[in-house]
Amino acid sequence: MRELEGKNILITGAGGGIGTAALEKLASNGGNIWACSHKKSDEFENKILELAEKNHVWIKPVYFDLKDEQAVKEQIASIAKEKLPIDVLINNAGMAHGGVFQMTSMETLKEVFQINFFSQIYITQLVSRLMMRRKRGVIINMASVGGVEAAEGYIAYGSSKAALIYATKALSKELGNMGIRVNAIAPGLVNTRMGHYKSDKEIERVLERTVLNRMAEPEEIAEAMVYLASDKAAFITGQVLVIDGGRLQS
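In the working numbering, the protein residues as written are -4 to 245.
Laid out in structure tokens, this is it:
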């Protein structure tokens, strides 16, 4: 029995490192997917077609820029017109940014928050309205240990993820009586292109205080998505699942 058999899942950031791993895990567990990405490409479309055929599910590409609220609204409305329930929303898209406070412009701060927080909240608002009609649903937000552990040089990124963590806990209380579970995943360093935006020296310093002394693989984060989206996690809400190899506990 596949864990997500027959569930319809909307995931943002489907073209990234964690997103690609998530598509594979979600599809192999029987999930049908609206795979959202900001840029159309033959490589992406061929990939999802291959996954759909291999796993006997449907995967539909959806394109929008997270900074364009009108485009987001139009695409979610288009999905709603399909008259298929959205069982799971995974707010996976995000952007990394590092820079000392005095060198971080307000424009940069607003851009990071728009992508990492405001766009996620807007999509959640639109999709949760659809879930409320059926009185059930699952929302998974991609947070970060950067939103839990403060560090110099990450005022924009860390603050945006901290805001998303707070929203996760608050929304779990607001939406719980409508049968909607809301949780977050907070990865440490992940072996993706985005995960390597830190300098090699900084990565080495982080790994030195990580109990397992390595980065996470994107598939390990995707497995957590499958679990939280599945009925096995039916009594879990308002939680932040930290996947950092023992970094915060070291």
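Glycine included, every Cβ here is placed at the ideal spot set by N, Cα and C. Treat the numbers as computed from the prediction; the structure is a model and nothing was measured.
Handout entry: Counterpart residues of R176 in DSSP-defined beta bridges
Key = Against the sequence shown, residue 176 aligns to sequence position 181. Paired residues: V133.
Handout entry: Continuous alpha helix (DSSP H) stretch holding G213: start and end
Key = Here residue 213 is taken as the residue at index 218 of the sequence shown, counted from 1. Residue identity check: residue 213 is Pro in the sequence provided, not Gly. Residues P213 to A224.
Practice task
In the DSSP assignment, find the unbroken alpha helix (DSSP H) run with V67 in it and report its ends.
Solution key: In the sequence shown, counting from the first residue as 1, residue 67 sits at position 72. First-last of the alpha helix (DSSP H) with V67: E64 to A75.
Exercise for the section: Label M220 either buried or exposed according to how many other C-beta atoms from any shown protein chain fall within 10 Å of its C-beta, with 16 as the threshold for buried. Expected result: Translated into the one-based positions of the sequence shown, residue 220 becomes position 225. Under this definition M220 is a buried residue.
Practice task
Evaluate contact between the region 210 to 224 and the region 172 to 187, counting only Cβ atoms and requiring at least three cross-stretch pairs below 8 Å.
Solution key: yes
Exercise for the section: Using beta-carbon positions only, say whether I116 and A66 come within less than 8 Å of one another. Expected result: Here residue 116 is taken as the residue at index 121 of the sequence shown, counted from 1. Here residue 66 is taken as the residue at index 71 of the sequence shown, counted from 1. Contact flag unset, no.
Practice task
Give me the Cα-Cα distance between S23 and Q97, rounded to the nearest whole angstrom.
Solution key: Translated into the one-based positions of the sequence shown, residue 23 becomes position 28. Translated into the one-based positions of the sequence shown, residue 97 becomes position 102. Distance between the alpha carbons of S23 and Q97 is about 46 Å.
Practice task
Write down the C-beta distance between V140 and L243 rounded to the nearest angstrom, noting that I regard them as a contact closer than 8 Å.
Solution key: For the purposes of this step, residue 140 is taken as residue 145 along the sequence shown, with counting starting at 1. For the purposes of this step, residue 243 is taken as residue 248 along the sequence shown, with counting starting at 1. Rounded to whole angstroms, the Cβ separation of V140 and L243 is 6 Å, and the two are in contact under 8 Å.
Practice task
Report all residues from its chain with a CB closer than 8 Å to the CB of M127; omit the five preceding and five following residues, and keep chain order.
Solution key: As a working note, residue 127 is residue 132 in the sequence shown. So the qualifying residues of the chain are L170, M173 and I175.
Exercise for the section: Could you name the residues of the same chain whose beta carbon sits closer than 8 Å to that of I231, not counting the 5 residues immediately before and after it, in chain order? Expected result: If you number the sequence shown from 1, residue 231 lands on position 236. If we look at I231 and ignore the five residues flanking it on each side, its Cβ neighbours are R176, N178 and L223.
Handout entry: Minimum length 3: unbroken beta strand (DSSP E) runs contained in the region 81 to 127
Key = 83 to 86, all fully within the region 81 to 127.
Practice task
With distances taken Cα to Cα, identify the nearest neighbour of A16 among L46, M(-4) and S36.
Solution key: Here residue 16 refers to the residue found at position 21 of the sequence shown. A16 has its Cα closest to that of L46, out of L46, M(-4) and S36.
Handout entry: Q120 burial status per 10 Å Cβ neighbour count (16 or more: buried)
Key = As a working note, residue 120 is residue 125 in the sequence shown. Q120 should be labelled exposed.
Problem - Terminal residues of the alpha helix (DSSP H) in which V201 lies - result: To locate residue 201, count along the sequence shown from 1; it is residue 206. Where V201 is concerned, the enclosing alpha helix (DSSP H) stretches over D195 to E203.
Problem - For Y192, three-class secondary structure by DSSP - result: For the purposes of this step, residue 192 is identified with residue 197 of the sequence shown, where counting begins at 1. In this structure, Y192 counts as coil in the three-state DSSP scheme.
Practice task
For N50, count neighbouring C-beta atoms within 10 Å of its own C-beta (all shown protein chains included) and say buried if the count is 16 or more, exposed if not.
Solution key: By one-based count along the sequence shown, residue 50 stands at place 55. Burial call: buried.
Exercise for the section: Give every residue of the same chain whose Cβ lies closer than 8 Å to the Cβ of T187, excluding the five residues on either side of it in the sequence, and list them in chain order. Expected result: Against the sequence shown, residue 187 aligns to sequence position 192. Correct list, in chain order: G11, G12, I13 and P213.
Handout entry: Cα-Cα separation, R209 to K78
Key = Working through the sequence shown from its first residue, we reach residue 209 at position 214. Working through the sequence shown from its first residue, we reach residue 78 at position 83. Approximately 44 Å, taken between the alpha carbons.
Practice task
Determine the direct distance from the alpha carbon of S100 to that of M(-4), and round the result to whole angstroms.
Solution key: If you number the sequence shown from 1, residue -4 lands on position 1. If you number the sequence shown from 1, residue 100 lands on position 105. Their Cα atoms are separated by approximately 50 Å.
Exercise for the section: Would you grab the beta carbon distance between I71 and I118 for me? Rounded to a whole angstrom, and I think it's under 8 Å. Expected result: Locating residue 71 in the sequence shown gives position 76, where the first residue counts as 1. Locating residue 118 in the sequence shown gives position 123, where the first residue counts as 1. With a Cβ gap of about 7 Å, I71 and I118 count as contacting.
Exercise for the section: Taking only the alpha-carbon atoms, compute the straight-line gap between V107 and R131 and give it to the nearest angstrom. Expected result: As a position in the sequence shown, residue 107 is number 112, starting the count at 1. As a position in the sequence shown, residue 131 is number 136, starting the count at 1. Spanning the two alpha carbons is a distance of roughly 31 Å.
Problem - CB of A145 within 8 Å of CB of G153, strictly - result: As a first step, residue 145 is located in the sequence shown; it is residue number 150 there, counting from the start. As a first step, residue 153 is located in the sequence shown; it is residue number 158 there, counting from the start. Yes; because the gap between Cβ atoms is below 8 Å, this pair is in contact.
Practice task
Between the Cα of K156 and those of V201, N136 and K35, spot the shortest distance and give me the residue it belongs to.
Solution key: Your numbering for residue 156 matches position 161 in the sequence shown. The shortest C-alpha separation from K156 is found at N136.
Handout entry: I6 and I85 closer than 8 Å at C-beta
Key = As a first step, residue 6 is located in the sequence shown; it is residue number 11 there, counting from the start. As a first step, residue 85 is located in the sequence shown; it is residue number 90 there, counting from the start. Cβ distance < 8 Å, so I6 and I85 count as in contact.
Practice task
Could you tell me which residues DSSP pairs with N27 in its beta bridges?
Solution key: Here residue 27 refers to the residue found at position 32 of the sequence shown. Answer is N3.
Handout entry: Bounding residues of the alpha helix (DSSP H) (the contiguous stretch that carries L166)
Key = Walking along the sequence shown from the start, residue 166 turns up at place 171. Segment I150 to L170, the alpha helix (DSSP H) holding L166.
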